[in-house]
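If you read the protein sequences in the order shown, they are chains P and X.
Throughout the first sequence, residue numbering follows our numbering, covering 29 to 123 in sequence.
Throughout the second sequence, residue numbering follows our numbering, covering 5 to 508 in sequence.
In this text, a Cβ means the ideal position worked out from N, Cα and C, and glycines have one as well.
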Amino acid sequence: MSIDEGTAARVAKLARIKVEEADLPALAQEFNTILGFIEQLNEVDVEGVEPMTSVTPMRLKRREDVVTDGDQQAAVLKNAPDAREGFFAVPKVVE
Amino acid sequence: MLDLTYETPKPKVIAGAKHDWELVIGMEIHAQVSSNAKLFSGASTAFGAEPNSNVSFVDAAMPGMLPVINEYCVEQAVRTGLGLKAQINLWSAFDRKNYFYPDSPQGYQISQLYHPIVGEGEVLVEMGEGVARLVRIERIHIEQDAGKSIHDMDPHMSFIDINRTGVPLMEIVSRPDIRGPEEAAAYVTKLRQILRYLGTCDGNMQNGNLRADVNVSVCRAGQYEKYQETQDFSHLGTRCEIKNMNSMRFIQAAIDVEARRQIAIIEAGGAVVQETRLYDPDKNETRSMRSKEEAQDYRYFPDPDLLPLEIEQAWVDDIAASLPELPDAKKSRFMGDMGLSDYDASVLTAETENANFFEEVVAACGDGKLAANWVINELFGRLKKDDAEISDSPISPARLGQIVALIKKGDISGKIAKDVFEIAYTQDRDPEEIVETEGMKQVTDTGAIEAAVDEVIAANPAQVEKAKQNPKLAGWFVGQVMKATGGKANPAAVNQLVTEKLGL
């Protein structure tokens, strides 16, 4: 698989990261290098091996259905560039 | 249990300018799990709280915060799956659906794309007596809800409340087995009924606790049958998805208007574009949600913060053993064991509260049919007049049962029973005591009735002559006797005596 400049631009856009036009070739090249590393894994024969989802033999930790958190409006809004009347205020987004 | 067999309903047909078209509909229902805390955090799910007060740092997606699953939500999803006769997957996993939107601080939604917890099931949707559609369920998965954006509080800014962010949802996905707007509404109604019976979702559509995404396409007659035979979607038309509806009326209107839009496009030689649309009830039209289209590459991948969700068969069996009697089973029991009509059984099983109340009335009087009649016609009618719910009924099921028992014993007539009911309902009194104190007991003593009949006959010799010519006038005598006895005489006995005495 090879990443061209168009794909690099699209990935950047989906990730909401601004990349200057001039920087796209280098970015695409970087992606290809990373994919190249990963492709080395294809050399391993995994025929009949269950896909591994975790390296630790652990059971997913569960919580009980009890309210133990919240009620901290000020702390939640503390880092917001703009907050009004208890809401985050953001530039208008309308469908 | 009654073995009920159903006929399949006819699909809705819409006439275009050139051809007739059939509708094909699949639905995704988002049902909020009725939990206290969120899916992956300890924040509350309570509706209507101060903005951003039901928020933990996990929900706010602060760096380093990790999700821990609420086991109760897993249990409710399994319970829902069992209630829909679905396959339960002992191994499921969570994936990230990546997209940016202001009301989703994580930048992704945790969902279950590749390995849902519940597989295939079914819902029987009745469309009238003896007619029903079996809608196949494709899957149910657990996922997080998003927050809420408010656009009308400021001309230049949107206000964001993330109280809802991370609230647990079950997404119930149907196969495209629904064939018209009415069926779609009936499907949502039935699903909501089952969820409420199970107690896994309160079904409150107004608060958005039950929402529907509706996939609509149109096809010519015969195409759908080809799809059903082969499960090959190429026989069907291109679908559009109408997002996020929480009203039965809007769901039906949206399907109808969207189908007509697609028919117009196809008949004009165009092609329907697969896309997400929004229904605007004010204009009664659907419009494209372009922003969603741009971001449709969700780049799903397994959530590295969460291990696979493994559950044990024994745990599933325990949940299965604790399932309540579900609507279909209850309805067929009411019809089979108690002899209720299809209609009465449907009305009484619509809500568990109704069914429970009715069963207590039956327990107190021992007559299902009579009890159904009194619960549906008298009690529901009276509650409706007061705009009250059955949970607020001022008359207890035991007392209503007493009234029915008094009718059965012949102590009071059905007509008097209505008066007893009204007194018991408005004055919170015991029916037996009312009948006793108010002297409402039916006179079945033939001697007393005979005396009353004799009196009326003696007082009206002219009428007696007329009645002998025209036997229909006997009714007039019955009326007079009932009047004279204050309505307490047994009508059947009066009838018989009047006929005898007049020599008819």
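Residue closest to residue i, alpha-carbon to alpha-carbon, out of the options
{"i": "X/I73", "options": "P/D99, P/R87, P/G98", "result": "P/R87"}
{"i": "P/L105", "options": "X/Y76, X/Q80, X/S60, X/K101", "result": "X/S60"}
{"i": "X/V82", "options": "X/L173, X/K413, X/I427", "result": "X/L173"}
{"i": "X/E279", "options": "X/K388, X/G372, X/S221, X/E187", "result": "X/S221"}
{"i": "X/S48", "options": "X/L214, X/G170, X/A375, X/S108", "result": "X/G170"}
{"i": "X/R433", "options": "X/F51, X/P398, X/E504", "result": "X/P398"}
{"i": "X/V424", "options": "X/W378, X/A452, X/E454", "result": "X/W378"}
{"i": "P/P79", "options": "X/S57, X/G46, X/A35, X/A97", "result": "X/A97"}
{"i": "X/E363", "options": "X/E329, X/K389, X/F51, X/L508", "result": "X/E329"}
{"i": "X/Y283", "options": "X/G274, X/Q266, X/C205, X/I259", "result": "X/I259"}
{"i": "X/D1", "options": "X/I18, X/S38, X/F44", "result": "No statement about residue 1 of chain X is possible, as the shown extent of chain X runs from 5 to 508 and does not include it."}
{"i": "X/T356", "options": "X/Y201, X/Y304, X/M161", "result": "X/Y201"}
{"i": "X/K334", "options": "X/Q256, X/A349, X/A324, X/N40", "result": "X/A349"}
{"i": "X/I33", "options": "X/N213, X/D371, X/A471", "result": "X/N213"}
{"i": "X/W95", "options": "X/Q148, X/T353, X/V320, X/A456", "result": "X/V320"}
{"i": "X/I407", "options": "X/N219, X/P180, X/V365, X/D149", "result": "X/V365"}
{"i": "X/I198", "options": "X/P185, X/M293, X/T353", "result": "X/T353"}
{"i": "X/Y112", "options": "X/A90, X/Y118, X/D149", "result": "X/D149"}
{"i": "P/R90", "options": "X/N381, X/P475, X/E382, X/L311", "result": "X/L311"}
{"i": "X/D63", "options": "X/N219, X/I114, X/K476, X/M249", "result": "X/I114"}
{"i": "X/K413", "options": "X/C369, X/Y302, X/A428", "result": "X/C369"}
{"i": "P/L52", "options": "P/E33, P/I62, P/K46", "result": "P/E33"}
{"i": "X/L383", "options": "X/P401, X/G372, X/A367", "result": "X/P401"}
{"i": "X/T84", "options": "X/D396, X/G274, X/A53, X/G203", "result": "X/G203"}
{"i": "X/Q227", "options": "X/G241, X/D217, X/N219", "result": "X/G241"}
Backbone secondary structure at residue i - three-state DSSP
{"i": "X/F425", "result": "helix"}
{"i": "X/S292", "result": "strand"}
{"i": "X/K22", "result": "coil"}
{"i": "X/E126", "result": "strand"}
{"i": "X/H145", "result": "strand"}
{"i": "X/N102", "result": "strand"}
{"i": "P/A36", "result": "helix"}
{"i": "X/P509", "result": "An answer regarding residue 509 of chain X cannot be provided, because it is not within the stretch 5 to 508 covered by chain X."}
{"i": "P/K46", "result": "coil"}
{"i": "X/I121", "result": "coil"}
{"i": "X/I154", "result": "strand"}
{"i": "X/P109", "result": "coil"}
{"i": "X/M5", "result": "Caution applies to X/M5, whose pLDDT of 45 falls short of 50 and renders its modelled position unreliable; the model cannot decide the point."}
{"i": "P/L55", "result": "helix"}
{"i": "X/G275", "result": "This sequence places Ala at residue 275 of chain X; Gly is not what is there. Correct three-state label for X/A275: coil."}
{"i": "X/G479", "result": "helix"}
{"i": "P/G64", "result": "helix"}
{"i": "X/L506", "result": "helix"}
{"i": "X/Q256", "result": "helix"}
{"i": "X/Q300", "result": "coil"}
{"i": "X/I270", "result": "helix"}
{"i": "P/I31", "result": "coil"}
Beta bridge counterpart(s) of residue i as assigned by DSSP
{"i": "X/Y283", "result": "X/T290"}
{"i": "X/E11", "result": "X/V135"}
{"i": "X/I114", "result": "X/R100"}
{"i": "X/R140", "result": "X/E126"}
{"i": "X/A493", "result": "X/V447"}
{"i": "X/V17", "result": "X/E26"}
{"i": "X/F305", "result": "X/R100"}
>> Suppose only complete runs of 4+ residues qualify. What are the alpha helix (DSSP H) ranges in the region 26-97 of chain X, listed by chain order?
In response: 75-87
> Considering only residues of the region 319-344 of chain X, which uninterrupted alpha helix (DSSP H) runs meet the minimum length of 4 residues and lie entirely inside it, listed in chain order?
Replying inline: 331-340
> Curious, which full-length alpha helix (DSSP H) runs of at least 4 residues does the region 338-418 of chain X contain?
Replying inline: 346-353, 356-369, 372-377, 384-389, 401-413
> Hey, which unbroken runs of the alpha helix (DSSP H) at 4 residues or more fall wholly within the region 157-205 of chain X?
Replying inline: 185-202
> Which ranges does the alpha helix (DSSP H) cover as unbroken runs of at least 4 residues, wholly within the region 67-123 of chain P, from first to last along the chain?
Replying inline: 101-105
>> Could you tell me which whole beta strand (DSSP E) segments of length 3 or greater appear in the region 203-249 of chain X?
In response: 214-223, 244-249
> How about the region 375-392 of chain X and the region 335-351 of chain X: do they share at least three Cβ pairs that are nearer than 8 Å?
Replying inline: yes
> For the region 410-420 of chain X against the region 476-495 of chain X, are there 3 or more C-beta pairs whose distance is under 8 Å?
Replying inline: yes
>> Quick check for students: name the residue ranges of the beta strand (DSSP E) that lie wholly in the region 430-476 of chain X, counting only runs of 3 or more.
In response: none
> How about the region 11-25 of chain X and the region 131-138 of chain X: do they share at least three Cβ pairs that are nearer than 8 Å?
Replying inline: yes
> Are the region 224-235 of chain X and the region 105-119 of chain P touching by the rule of at least three beta carbon pairs closer than 8 Å?
Replying inline: no
> Pairing CB atoms from the region 115-126 of chain X with CB atoms from the region 150-169 of chain X, are three or more of them under 8 Å?
Replying inline: no
> Would you call the region 17-33 of chain X and the region 160-170 of chain X touching, i.e. three or more CB-CB distances under 8 Å?
Replying inline: no
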